[in-house]
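Worksheet: one structure, shown below.
There are 6 protein chains.
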Amino acid sequence: MRPDGRKNDELRSIQIQTGYIIHPEGSVLITVGQTKVICNASIEDRVPPFMRGQKKGWITAEYSMLPRATPERTMRESARGKIGGRTMEIQRLIGRALRSVVALDQIGERTIWIDCDVIQADGGTRTASITGAFVAMVLAFKKAMDRGQIEKIPVHSYLAATSVGIHPVYGSILDLCYKEDSTTDVDMNIVMNSKGHFVEIQGTGEEATFSDEELAELIRLAKKGIGELIAAEKSVIGDILTEQKVGTGK
Amino acid sequence: MRPDGRKNDELRSIQIQTGYIIHPEGSVLITVGQTKVICNASIEDRVPPFMRGQKKGWITAEYSMLPRATPERTMRESARGKIGGRTMEIQRLIGRALRSVVALDQIGERTIWIDCDVIQADGGTRTASITGAFVAMVLAFKKAMDRGQIEKIPVHSYLAATSVGIHPVYGSILDLCYKEDSTTDVDMNIVMNSKGHFVEIQGTGEEATFSDEELAELIRLAKKGIGELIAAEKSVIGDILTEQKVGTGK
Amino acid sequence: MRPDGRKNDELRSIQIQTGYIIHPEGSVLITVGQTKVICNASIEDRVPPFMRGQKKGWITAEYSMLPRATPERTMRESARGKIGGRTMEIQRLIGRALRSVVALDQIGERTIWIDCDVIQADGGTRTASITGAFVAMVLAFKKAMDRGQIEKIPVHSYLAATSVGIHPVYGSILDLCYKEDSTTDVDMNIVMNSKGHFVEIQGTGEEATFSDEELAELIRLAKKGIGELIAAEKSVIGDILTEQKVGTGK
Amino acid sequence: MRPDGRKNDELRSIQIQTGYIIHPEGSVLITVGQTKVICNASIEDRVPPFMRGQKKGWITAEYSMLPRATPERTMRESARGKIGGRTMEIQRLIGRALRSVVALDQIGERTIWIDCDVIQADGGTRTASITGAFVAMVLAFKKAMDRGQIEKIPVHSYLAATSVGIHPVYGSILDLCYKEDSTTDVDMNIVMNSKGHFVEIQGTGEEATFSDEELAELIRLAKKGIGELIAAEKSVIGDILTEQKVGTGK
Amino acid sequence: MRPDGRKNDELRSIQIQTGYIIHPEGSVLITVGQTKVICNASIEDRVPPFMRGQKKGWITAEYSMLPRATPERTMRESARGKIGGRTMEIQRLIGRALRSVVALDQIGERTIWIDCDVIQADGGTRTASITGAFVAMVLAFKKAMDRGQIEKIPVHSYLAATSVGIHPVYGSILDLCYKEDSTTDVDMNIVMNSKGHFVEIQGTGEEATFSDEELAELIRLAKKGIGELIAAEKSVIGDILTEQKVGTGK
Amino acid sequence: MRPDGRKNDELRSIQIQTGYIIHPEGSVLITVGQTKVICNASIEDRVPPFMRGQKKGWITAEYSMLPRATPERTMRESARGKIGGRTMEIQRLIGRALRSVVALDQIGERTIWIDCDVIQADGGTRTASITGAFVAMVLAFKKAMDRGQIEKIPVHSYLAATSVGIHPVYGSILDLCYKEDSTTDVDMNIVMNSKGHFVEIQGTGEEATFSDEELAELIRLAKKGIGELIAAEKSVIGDILTEQKVGTGK
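This is the structure:
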């Protein structure tokens with residue numbers, strides 16, 4: 001049995017608290033088991049240089065952990081003077097994943113900045129960040145719609161992410177906590193949308209490798225988890241796929 | 001009248017939530033009005049090179065703001081690749097203030113790391129950090145006493161901090177929110193201990209200057225506020241000045 | 001038809017030139033179509049701090065492109081003063097992939113440094129780097145065996161990598177050149193070993209997403225390509241899985 | 001008695017040599033006892049980005065010590081690749097203090113750069129820098145008036161700074177040399193203008209704290225010292241508060 | 001006798017392979033004995049800020065060594081986060097040398113970027129870089145002439161470089177390999193043009209000094225070597241001093 | 001005639017003020033015309049890692065200019081966060097030159113740190129730095145002899161440096177001021193010792209080139225100037241080549 005008594009295909013408990021910080025256009029505290037991430041979405045009225053003049057927007061993400069989000073204190077990247085490889089991988093992944101479900105040509109030349117700050121870590125911080133960031137981004141789009149900046153929510157699908165892995169004792173498992181993650185042979189992060197399509201698959205077997213059958217089982221677990229995560233998103237932000245600016249007559 | 005209806009000598013409402021993050025030896029979320037700071041205290045079993053071999057401990061602090069702690073998003077210092085002057089001033093101040101009330105020779109060759117992360121800012125983040133960090137540090141010392149690392153809480157006084165200022169409309173005021181702070185002529189941060197002594201006075205009049213009489217009035221306000229802050233600390237951590245390891249017979 | 005006339009499941013032509021640079025323990029120039037990467041493997045007689053005292057070795061990789069490996073000149077990362085996110089992702093991937101096929105406890109406390117320097121780029125530089133680096137690493141192990149540092153080649157499987165993708169015009173294709181890569185909706189890098197197991201799957205659909213069926217087809221193409229790449233490796237380095245130090249009697 | 005035989009309320013000897021370096025608009029070598037600082041003021045015909053379009057000027061300061069200004073050689077900040085916290089605090093303080101006595105709206109969109117380079121240190125380098133920088137800045141304004149860039153000296157008060165402290169042996173003392181500073185319990189830097197108003201108070205009691213009475217005594221000492229420093233400034237730069245461009249008829 | 005059997009006034013064997021990399025406007029692999037340098041020349045249609053508006057072009061160079069160009073692996077400068085002093089000296093030297101033979105006012109407001117990447121080092125990498133870079137630059141100018149960007153090759157002289165030195169055993173020698181260079185007392189790099197004039201002389205005697213007579217002998221050797229290097233250049237790029245755009249009628 | 005009325009083979013006026021800063025083991029203010037450099041020599045009782053265990057000492061130099069040493073303010077390298085190429089070239093040159101006249105095996109495992117800080121620049125700062133640094137170093141050795149750290153001055157020759165150049169109007173000239181330097185075609189820095197041998201020759205003709213005859217004339221001028229500079233050194237530090245620890249009986 002898994003350390004916290006879960007079944008192999010069982011997610012940890014999820015809370016998505018909206019309006020967590022008062023200043024951002026969209027703000028969420030997502031809690032997945034003991035993992036807690038503040039996800040803030042900000043709207044900036046310009047795009048980075050490489051996007052200028054294309055009449056499209058951009059979405060970019062930054063990710064960080066507080067020094068004591070982890071059992072041992074980790075040094076701040078600002079004190080090191082540079083951002084590590086793991087952080088860069090994660091923030092590129094979050095940005096890419098969110099862009100896959102947004103019609104960038106419907107938001108004007110604006111940048112959506114996503115800030116994911118892990119205040120407490122117990123495994124799965126990057127996937128919790130994606131799920132939380134999706135909700136924060138949608139809240140920011142609702143605010144932009146209220147302000148009259150956009151006509152409708154420019155999102156064509158829900159998006160969520162989870163981890164799966166092959167553990168030497170428990171076998172194939174869904175939503176790994178840190179204790180599981182650190183003893184797992186194969187580790188896979190999967191991002192999917194509400195159409196059941198893949199957005200990202202990142203599977204790694206540093207200590208081991210995996211076969212076709214194992215890949216199929218991992219994907220099955222991930223799909224189950226992502227379905228439940230998207231249900232949790234809907235209970236918080238409602239049906240966004242048809243939402244429009246009130247009274248626009250469209 | 002002040003923007004939030006307070007009297008000139010009135011603090012904002014204060015909450016000090018202990019055990020906020022599960023990993024650190026001491027963890028606090030301090031809320032002062034709309035300002036919210038996570039203060040974590042970590043114990044490391046060694047001291048920095050310049051302190052080695054002196055049979056004394058050290059206390060050092062780091063301070064940071066989430067990008068959207070503020071109304072406008074601010075760039076991360078990790079992304080800039082260096083820590084700004086304001087951050088350095090604040091983290092040096094926090095460390096110095098905490099060291100003034102601790103008997104460093106009673107904690108062995110250990111470092112207490114203080115991490116103050118502002119998740120929401122509305123003025124007074126450095127003084128809220130000092131007050132919150134003091135409580136987090138005491139909690140860490142209690143944990144160290146439980147673990148048998150130290151015999152008693154090595155703290156000889158409570159410590160708290162607040163801001164005072166001279167406002168062109170409201171006059172001399174206590175505990176400035178951001179709106180007041182950004183329109184104030186003279187701004188002063190005061191750190192005091194529970195013996196009524198000063199630990200730090202940092203008064204600045206960039207747009208104006210101040211007289212002896214104004215200085216005296218600002219100090220009077222600060223003393224009132226700090227008295228109330230120390231009362232709030234006591235309600236959370238109790239009477240620590242006599243606390244000892246249970247059963248040591250000392 | 002694809003720009004260079006290949007069939008959808010056809011690799012570009014491959015050359016693996018060994019002994020390319022005289023100084024490294026293992027050195028290879030790998031050519032995949034127009035992509036050319038110098039892969040050097042160096043043996044250092046110590047491990048990084050986090051590995052010390054474990055009686056195991058370590059493998060780490062660095063990746064770089066010459067400024068004019070690309071059609072437009074790109075600025076050097078040494079001139080920028082920092083290594084970009086893409087580079088970090090790739091060097092972490094190369095290191096992880098190589099470690100998956102090596103018995104680190106058979107090489108002593110040594111580090112194998114892998115340097116992949118792209119001198120000419122036409123798509124697929126990271127997968128060419130993995131394939132070339134595997135050969136360079138094996139050559140370094142042969143040298144270490146000659147020197148009596150190790151008893152046998154500590155590699156339990158061949159390793160190779162390729163890219164696959166879904167192109168709006170050509171459909172599912174193997175081994176993308178730059179022209180294809182820059183116009184592809186879904187892009188996937190796959191690393192496999194000679195047992196037919198996955199080491200890494202990194203699939204991304206920034207402009208699009210992909211279904212279960214499409215994933216299955218991409219994996220089929222990758223397996224075909226990797227089989228051919230491993231055959232090319234064998235023609236250069238022979239049967240390494242049973243190779244031992246001559247005359248050790250083991 | 002104090003190490004150099006001074007009375008507790010006695011400044012060290014002061015020289016202010018003007019025109020020290022030939023290139024800057026204003027240049028001063030200030031000597032306070034054994035402390036020597038080159039203070040140069042430069043006029044640049046533009047303001048930093050955050051000040052543009054406001055029809056006002058800006059004053060900014062940089063501070064540095066030669067490696068052997070101190071008894072032990074200290075590493076250059078250029079060699080470290082970053083500016084330390086102490087340096088940043090000091091340069092922010094110098095800039096803030098100078099801006100408090102200048103009518104920034106009378107200098108056009110210009111920046112006054114103040115460079116304080118300590119060539120020999122014996123305590124009180126930051127306060128000597130402020131006093132010297134004030135004179136260098138006034139000299140630069142005189143040059144600007146000669147050039148017809150401004151109509152009159154845009155300074156509404158003289159400015160000077162000194163340190164005071166509470167020493168375990170000597171008690172409350174004025175203008176600490178290094179030997180005193182390094183053994184002092186409470187250390188305070190005070191900046192005042194010629195109207196007898198405070199511009200900055202920075203009091204710190206790392207090893208000790210201080211009472212209301214002690215604060216009052218320190219302020220009394222500082223006022224005496226600053227009065228004498230301002231007299232020294234006047235003997236060098238004359239009565240600047242009424243100085244105007246000759247023959248403008250205004 | 002010298003380690004590789006050469007006479008004291010004998011160059012190592014030289015190959016200059018043109019068109020080595022497909023993307024740059026000019027590309028050369030120069031081989032001098034065991035030293036191999038990829039020299040690429042790129043044309044950018046703008047000049048650096050300090051050259052703007054002068055209707056002239058600019059030539060700038062960058063130099064780097066692969067980590068295993070050397071017998072021991074050297075750390076990448078991108079990983080260090082800064083470019084070392086030796087690299088800076090070399091790239092400033094290469095740029096200066098090339099600019100001495102080019103009519104910058106004949107190339108418009110364009111920058112010629114020279115990238116010298118040493119893939120294998122055995123002494124003399126900076127002088128091989130200059131010789132190879134000259135050829136790559138001329139090839140780029142030929143491409144620019146083909147594109148109609150310039151009317152004729154804006155080069156008024158050939159340019160080449162070599163090293164000479166005084167060895168404690170062999171005496172005065174030409175074109176030092178690494179083994180010689182590392183045991184030499186006096187080391188001199190000389191850059192000359194085809195008119196027999198000096199462009200740069202950089203002579204250094206860290207372990208020894210040298211007399212007028214020794215200087216004269218070193219210069220004699222260098223002249224002989226540079227004559228042969230320029231002959232090698234001519235055999236590759238032909239007579240460039242009269243070359244013009246075909247059919248321009250000028 | 002030259003701008004300051006000098007003859008072509010005439011040095012500017014030279015002052016070498018010893019004991020300029022009180023803390024360093026050796027300290028000099030050297031003035032060459034309007035160029036002023038503080039040269040400090042410090043003795044550290046250890047060597048850098050690459051020299052350990054060789055029972056020899058090391059000499060290293062750092063060079064910097066105050067921002068307003070120049071007519072236009074230049075940005076500090078500490079503020080840029082990195083040391084420029086020109087600075088690196090100069091500090092490497094100074095260190096190399098000094099090491100050429102010192103018996104490193106007579107100073108024990110000690111490092112001599114040379115700090116050359118240009119407080120006012122008018123051309124020739126690097127050569128003035130070498131001449132001044134030589135005197136400061138000798139003063140530090142005298143101090144070390146007084147302290148009993150060494151038996152005699154470990155210097156086997158005097159050392160000085162100057163610049164020469166070919167000017168389009170004045171012809172071949174000695175000791176260029178800034179006005180001359182910035183309009184000169186060929187610029188050469190020459191370092192020589194008191195035996196009349198060359199230590200360094202660095203000749204550059206960016207805008208022009210130079211012939212054998214011109215080289216000979218430049219060397220003749222440099223020799224004359226260096227002879228006078230060494231005479232000035234002798235008048236300040238006396239005959240050091242035979243100086244020994246008093247009463248050692250050796």
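As given, the protein sequences belong to chains A, P, W, R, S and Y, one line each in that order.
Quick note: the first sequence, position 248, residue 248 per the UniProt record's numbering, numbers continuous.
Quick note: the second sequence, position 151, residue 151 per the UniProt record's numbering, numbers continuous.
Quick note: the third sequence, position 37, residue 37 per the UniProt record's numbering, numbers continuous.
Quick note: the fourth sequence, position 18, residue 18 per the UniProt record's numbering, numbers continuous.
Quick note: the fifth sequence, position 79, residue 79 per the UniProt record's numbering, numbers continuous.
Quick note: the sixth sequence, position 235, residue 235 per the UniProt record's numbering, numbers continuous.
Cβ coordinates follow ideal geometry from the N, Cα and C atoms, glycine included.
Select from T204/P, I94/P and A61/P the residue whose C-alpha is nearest the C-alpha of P48/P.
Working through the second sequence from its first residue, we reach residue 48/P at position 48. It is A61/P.
DSSP three-state call for Q91/P: helix, strand or coil?
Mapped onto the second sequence, residue 91/P falls at position 91. The answer is helix: DSSP assigns Q91/P an H, G or I state.
Q54/A to A128/S, Cα distance in whole Å?
Locating residue 54/A in the first sequence gives position 54, counting from the first residue. Locating residue 128/S in the fifth sequence gives position 128, counting from the first residue. The straight-line gap from Cα to Cα measures roughly 45 Å.
If you check the beta carbons only, do Q202/A and Q202/W fall under 8 Å apart?
As a working mapping, residue 202/A is identified with position 202 in the first sequence. As a working mapping, residue 202/W is identified with position 202 in the third sequence. Yes, these two residues count as a Cβ contact at 8 Å.
Contact with chain P by E89/A, beta-carbon distance below 8 Å:
If you number the first sequence from 1, residue 89/A lands on position 89. Against chain P, the CB of E89/A has no partner CB under 8 Å away; the residue lies outside that interface.
I'd like the list of long-range same chain contacts for L221/P, defined as Cβ closer than 8 Å, with 5 residues on each side in sequence excluded.
Here residue 221/P refers to the residue found at position 221 when the second sequence is read from its first residue. Answer for L221/P: N8, D9, V164, S172, I173 and L174, listed in chain order.
Cα-Cα separation between I230/S and R68/S, rounded to whole angstroms:
The residue you call residue 230/S lines up with position 230 of the fifth sequence. The residue you call residue 68/S lines up with position 68 of the fifth sequence. Those two C-alpha atoms are separated by around 30 Å.
In terms of alpha-carbon separation, which member of A216/A, I219/A, K224/A and S194/A lies closest to K234/A?
Residue mapping note: residue 234/A aligns to position 234 of the first sequence, counting from 1. The shortest C-alpha separation from K234/A is found at S194/A.
My assumption, with CB atoms under 8 Å, is that I30/W sits in contact with G132/W. Please give the rounded CB distance.
Here residue 30/W is taken as the residue at index 30 of the third sequence, counted from 1. Here residue 132/W is taken as the residue at index 132 of the third sequence, counted from 1. Yes, I30/W and G132/W are in contact; Cβ-Cβ is about 3 Å, under 8 Å.
G95/Y to R6/S, Cα distance in whole Å?
Here residue 95/Y corresponds to residue number 95 of the sixth sequence, with the count starting at 1. Here residue 6/S corresponds to residue number 6 of the fifth sequence, with the count starting at 1. Rounded to the nearest angstrom, the two C-alpha atoms are 34 Å apart.
For a cutoff of 8 Å on Cβ pairs, would you count S182/P as touching chain A?
The residue given as residue 182/P occupies position 182 in the second sequence. No, S182/P lies away from the interface with chain A (no Cβ there is under 8 Å from its Cβ).
Who are the neighbours of V199/W on chain A, taking C-beta pairs under 7 Å?
Here the question's residue 199/W lines up with position 199 in the third sequence. Within 7 Å Cβ-Cβ: G205 and T209.
Name, please, each residue of chain Y whose Cβ falls closer than 7 Å to the Cβ of N193/S.
Along the fifth sequence, read from residue 1 onward, the residue named residue 193/S stands at position 193. Near N193/S (Cβ distances below 7 Å), the residues of chain Y are T209.
Give a yes or no on contact between the segment 100-119 of chain Y and the segment 143-163 of chain Y, applying the rule of three or more CB pairs nearer than 8 Å.
Enough Cβ pairs lie closer than 8 Å, so yes.
In whole angstroms, what is the alpha-carbon distance linking E213/S and H197/Y?
Start at 1 with the first residue of the fifth sequence, and residue 213/S comes out as number 213. Start at 1 with the first residue of the sixth sequence, and residue 197/Y comes out as number 197. Near 10 Å, if we compare the C-alpha coordinates of H197/Y and E213/S.
Does Q202/P come out as helix, strand or coil in the three-state DSSP assignment?
Against the second sequence, residue 202/P aligns to sequence position 202. Three-state result, Q202/P: strand.
Residue interval of the alpha helix (DSSP H) (run including Y178/S):
Residue 178/S sits at position 178 when you count from the first residue of the fifth sequence. Counting along the chain, the alpha helix (DSSP H) containing Y178/S begins and ends at Y178 to D181.
At least one CB of chain R closer than 8 Å to the CB of R96/P: is that the case?
Here residue 96/P corresponds to residue number 96 of the second sequence, with the count starting at 1. Yes, contact with chain R.
Uninterrupted beta strand (DSSP E) stretches inside the UniProt domain "Exoribonuclease phosphorolytic" (10-140) of chain A (no shorter than 3 residues):
14-18, 26-32, 35-44, 58-65 and 111-120
Name the two residues that bound the continuous alpha helix (DSSP H) containing A161/W.
For this step, residue 161/W is matched to residue 161 along the third sequence. Unbroken run through A161/W is the beta strand (DSSP E), L159 to H167; no alpha helix (DSSP H).
Can you give me, in chain order, the residues of the segment 209-229 of chain Y that have a beta carbon less than 8 Å from any beta carbon in chain S?
T209, F210, S211, D212, L215 and I219
If you draw a straight line from the C-alpha of T184/A to the C-alpha of A216/W, how long is it?
As a first step, residue 184/A must be located in the first sequence, where it is residue number 184. As a first step, residue 216/W must be located in the third sequence, where it is residue number 216. Linking T184/A to A216/W through their CA atoms gives a straight-line distance of about 25 Å.
With a threshold of 8 Å between beta carbons, is S100/P in contact with chain D?
Within the model displayed, chain D is absent; protein chains A, P, W, R, S and Y are what it includes.
Between T248/S and chain Y, is any beta-carbon pair separated by less than 8 Å?
Position 248 of the fifth sequence, counted from the first residue, corresponds to residue 248/S. For T248/S, the predicted structure reports a pLDDT of 44, less than 50, and the residue's modelled location is therefore unreliable. A value from the coordinates is still provided. Output row for T248/S: interface = no.
For Q15/Y and D187/R, the rounded distance between their alpha carbons
In the fourth sequence, counting from the first residue as 1, residue 187/R sits at position 187. In the sixth sequence, counting from the first residue as 1, residue 15/Y sits at position 15. Going from the Cα of D187/R to the Cα of Q15/Y covers about 41 Å.
Identify the residues that DSSP records as bridge partners of M188/Y: which are they?
In the sixth sequence, counting from the first residue as 1, residue 188/Y sits at position 188. Looking at the DSSP assignment, M188/Y forms a beta bridge with V164/Y and G203/Y.
Interface partners of Q202/P on chain R, CB under 9 Å
Walking along the second sequence from the start, residue 202/P turns up at place 202. Result: E200, I201, Q202, G203 and T204.
If S64/R and T35/R are in contact, beta carbons under 8 Å, what's the gap, nearest whole angstrom?
One-based indexing of the fourth sequence puts residue 64/R at position 64. One-based indexing of the fourth sequence puts residue 35/R at position 35. At roughly 14 Å, the Cβ-Cβ gap does not stay under 8 Å, so S64/R and T35/R are not in contact.
Where the alpha helix (DSSP H) containing S235/Y begins and where it ends
Position 235 of the sixth sequence holds residue 235/Y. From DSSP, the alpha helix (DSSP H) with S235/Y extends over D212 to I237.
Would you say G26/P and L139/P are within 8 Å of each other, going by their C-beta atoms?
For the purposes of this step, residue 26/P is taken as residue 26 along the second sequence, with counting starting at 1. For the purposes of this step, residue 139/P is taken as residue 139 along the second sequence, with counting starting at 1. Yes; because the gap between Cβ atoms is below 8 Å, this pair is in contact.
Residues that K82/A contacts on chain W, provided the C-beta gap is smaller than 7 Å:
Within the first sequence, residue 82/A is the residue found at index 82, counting from 1. The answer, in chain order, is K82.
I'd like to know if A79/A contacts chain P, where contact means its C-beta is closer than 8 Å to some C-beta of that chain.
One-based indexing of the first sequence puts residue 79/A at position 79. Yes, A79/A counts as interfacial toward chain P.
Over what stretch of residues does the beta strand (DSSP E) that includes S171/S continue unbroken?
Indexing the fifth sequence from 1 puts residue 171/S at position 171. For the record, residue 171/S in the displayed sequence is Gly; it is not Ser. Taken as a continuous stretch (DSSP letters only), the beta strand (DSSP E) holding G171/S covers G171 to L174.
I'd like to check one pair, I114/A with I66/A: are the Cβ atoms closer than 8 Å?
Position 66 of the first sequence, counted from the first residue, corresponds to residue 66/A. Position 114 of the first sequence, counted from the first residue, corresponds to residue 114/A. The question names Ile, but residue 66/A in the sequence shown is Leu. Cβ distance not < 8 Å, so L66/A and I114/A don't count as in contact.
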